[in-house]
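Working notes, structure below.
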Amino acid sequence: MEKKNLVQYIYGIADNALILGQRLSELCGHGPSLETDIALTNISLDLLGQTRSYYQYVALLEGEGKTEDDIAFLRTERQYKSVLLVEQPNTDFAYVITRQFLFDAFHLALLEKLQHSKDDTLNAIARKAIKEVSYHLRFSGDWVKRLGDGTDISKQKVQEAVNMLWTYTDELFHLTEADSEAVAEGIGVDVSQLKEDYYGKVKELLEEATLEIPESKYFQKGGKQGIHTEHMGYLLADLQYMQRAYPNMKW
Amino acid sequence: MEKNWPLWEVFVRSKNGLEHRHFGSLHAADAEMALENARDVYTRRNEGVSIWVVESKHITATNPENNGELFEPAQDKVYRHPTFYTLPDEVKHM
Numbered sequence: 008m009e010k011k012n013l014v015q016y017i018y019g020i021a022d023n024a025l026i027l028g029q030r031l032s033e034l035c036g037h038g039p040s041l042e043t044d045i046a047l048t049n050i051s052l053d054l055l056g057q058t059r060s061y062y063q064y065v066a067l068l069e070g071e072g073k074t075e076d077d078i079a080f081l082r083t084e085r086q087y088k089s090v091l092l093v094e095q096p097n098t099d100f101a102y103v104i105t106r107q108f109l110f111d112a113f114h115l116a117l118l119e120k121l122q123h124s125k126d127d128t129l130n131a132i133a134r135k136a137i138k139e140v141s142y143h144l145r146f147s148g149d150w151v152k153r154l155g156d157g158t159d160i161s162k163q164k165v166q167e168a169v170n171m172l173w174t175y176t177d178e179l180f181h182l183t184e185a186d187s188e189a190v191a192e193g194i195g196v197d198v199s200q201l202k203e204d205y206y207g208k209v210k211e212l213l214e215e216a217t218l219e220i221p222e223s224k225y226f227q228k229g230g231k232q233g234i235h236t237e238h239m240g241y242l243l244a245d246l247q248y249m250q251r252a253y254p255n256m257k258w
Numbered sequence: 002m003e004k005n006w007p008l009w010e011v012f013v014r015s016k017n018g019l020e021h022r023h024f025g026s027l028h029a030a031d032a033e034m035a036l037e038n039a040r041d042v043y044t045r046r047n048e049g050v051s052i053w054v055v056e057s058k059h060i061t062a063t064n065p066e067n068n069g070e071l072f073e074p075a076q077d078k079v080y081r082h083p084t085f086y087t088l089p090d091e092v093k094h095m
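What follows is the structure in structure tokens.
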């Protein structure tokens with residue numbers, strides 16, 4: 008597989024972790040309680056740690072003195088290949104939890120396949136990340152159940168979040184060109200194969216949470232091609248500010 | 002509606018073979034959440050291998066007002082400590 012295509016394939020996985028990690032980091036010091044604040048920022052740190060492993064690998068593949076920071080901070084919006092789901096804003100706690108749950112269920116399924124990748128770096132990253140992501144799913148799934156089966160208000164809010172975010176779930180299972188090539192080489196995961204199992208598990212948990220499954224058949228897409236929602240620009244402005252204002256600065 | 006979640010006491014075993022020690026307390030709506038919160042609040046720097054949580058209301062504690070009658074009588078009973086034995090030199094740490 009050509010290097011530049013492998014890099015694109017890795018962006019398709021790593022950028023999700025970066026963008027969701029950035030979103031969650033916005034909650035640092037602003038969580039609804041001390042305990043959930045720490046839990047969400049822990050998840051953020053897990054995701055950013057995974058991002059670093061992927062980007063270090065990309066830097067190695069690209070050579071020419073590239074660093075993980077260049078990859079994280081100095082690309083333009085179109086060059087980020089994260090799905091639309093992960094850039095959605097922290098509207099309220101129900102949205103934060105629902106976004107997390109809808110992504111975690113996919114993320115774990117993806118990593119369980121990626122750990123058998125023929126690429127030794129990718130399968131090693133996946134094996135390490137599985138433990139973290141299993142916990143993320145446990146955390147977000149438990150919270151969806153609590154909110155859904157909680158008070159009238161919590162139920163109403165989480166149902167609204169499910170209805171709003173549902174439209175971003177289908178994109179998780181779209182294959183990009185880089186995906187198809189990576190799958191053919193035994194390096195990548197055929198995400199389209201994960202779809203049926205994903206919706207089965209998600210629906211099962213939503214039912215347990217006494218929530219209704221949205222019936223909408225209209226789905227948004229574009230993130231995997233770098234075409235993002237209006238929220239992405241603001242997120243990147245925050246993320247990239249330091250490197251843009253003080254080029255090559257280091258902590 | 003009850004606004005505050007109940008308080009839970011957290012006990013963490015740092016290593017296999019050691020006992021669970023009291024690490025602190027936190028708020029949670031139920032036992033499962035208390036375990037998850039304890040994992041995030043108290044073990045994120047690799048402090049533990051096992052966690053117990055117990056709702057604080059289930060712990061019966063002594064009242065500091067009674068400290069006089071409960072604990073002070075022991076203070077002048079030095080003969081309850083085994084400090085009157087002369088130790089052989091070979092015994093280093095006692």
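Read top to bottom, the protein sequences are chains A and B.
Quick note: to get the working numbering, add 7 to the position in the first sequence (first position is 1).
Quick note: to get the working numbering, add 1 to the position in the second sequence (first position is 1).
We treat Cβ as the ideally placed atom computed from N, Cα and C, and that holds for glycine.
Using a Cβ-Cβ cut-off of 9 Å, L212/A does not count as an interface residue toward chain B, since no Cβ of chain B sits closer than that to its own.
Listed as beta-bridge partners of I52/B by DSSP are V13/B.
Contact annotation: the stretch 50-59 of chain A does not touch the stretch 204-218 of chain A, with fewer than three C-beta pairs closer than 8 Å.
S187/A is not bridged by DSSP to any residue. Residue environment: W258/A is assigned as exposed (fewer than 16 neighbouring CB atoms within 10 Å of its CB, all protein chains considered). Taking a beta-carbon distance threshold of 9 Å, S187/A does not count as an interface residue toward chain B. Listed in chain order, the positions of the stretch 85-113 of chain A with a beta carbon within less than 8 Å of a beta carbon of chain B would be empty, since no residue qualifies.
Residue pairing by DSSP places L27/B opposite W9/B in a beta bridge. Neighbourhood of E37/B in chain A, by CB distance below 8 Å: A46, R145, F146, D149, in chain order. Per DSSP, the unbroken alpha helix (DSSP H) holding F108/A starts and ends at 100-121. Between A101/A and D156/A, the C-beta spacing is not below 9 Å. If you draw a straight line from the Cα of P221/A to the Cα of R106/A, it is about 15 Å long.
Taking C-beta separations shorter than 8 Å and ignoring five residues to either side along the sequence, the partners of I194/A in its chain run M8, L13, Y16, S124, K125, D126, L129, following chain order. Taking 9 Å as the cut-off, the beta carbon of K224/A is found no closer than this to the beta carbon of H181/A. Taking the Cβ atoms as the reference, V93/A lies roughly 6 Å from F110/A, within the contact range of under 8 Å. In the DSSP annotation of this structure, the continuous segment of the alpha helix (DSSP H) that includes Q63/A starts and ends at 41-69.
Contacts with chain A (Cβ-Cβ distance below 7 Å) from the stretch 38-55 of chain B involve N38, D41, V42, R45, listed in chain order.
At least one beta carbon of chain B lies nearer than 9 Å to the beta carbon of S40/A. Close to chain B, meaning a Cβ-Cβ distance shorter than 8 Å, are the following residues of the stretch 150-171 of chain A: R153, T158. Boundaries of the alpha helix (DSSP H) harbouring R134/A: 127-155, taken from the DSSP string. For the stretch 8-33 of chain B, the set of residues with a beta-carbon nearer than 9 Å to any beta-carbon of chain A comprises L27, H28, A29, A30, D31, E33, in chain order. Beta bridge pairing from DSSP links H238/A with no other residue.
Per DSSP, reduced to three states, the secondary structure at R45/B is coil, with no helix or strand assignment. In this structure, E56/B lies away from A39/B, with their beta-carbon atoms at least 9 Å apart.
At a Cβ-Cβ threshold of 9 Å, A32/B and V54/B count as neighbours. For N49/A, the C-beta contacts it makes with chain B under 7 Å involve D41, R45, in order along the chain. For L154/A, the closest C-alpha among the options Y206/A, L117/A, D99/A, A189/A is that of D99/A.
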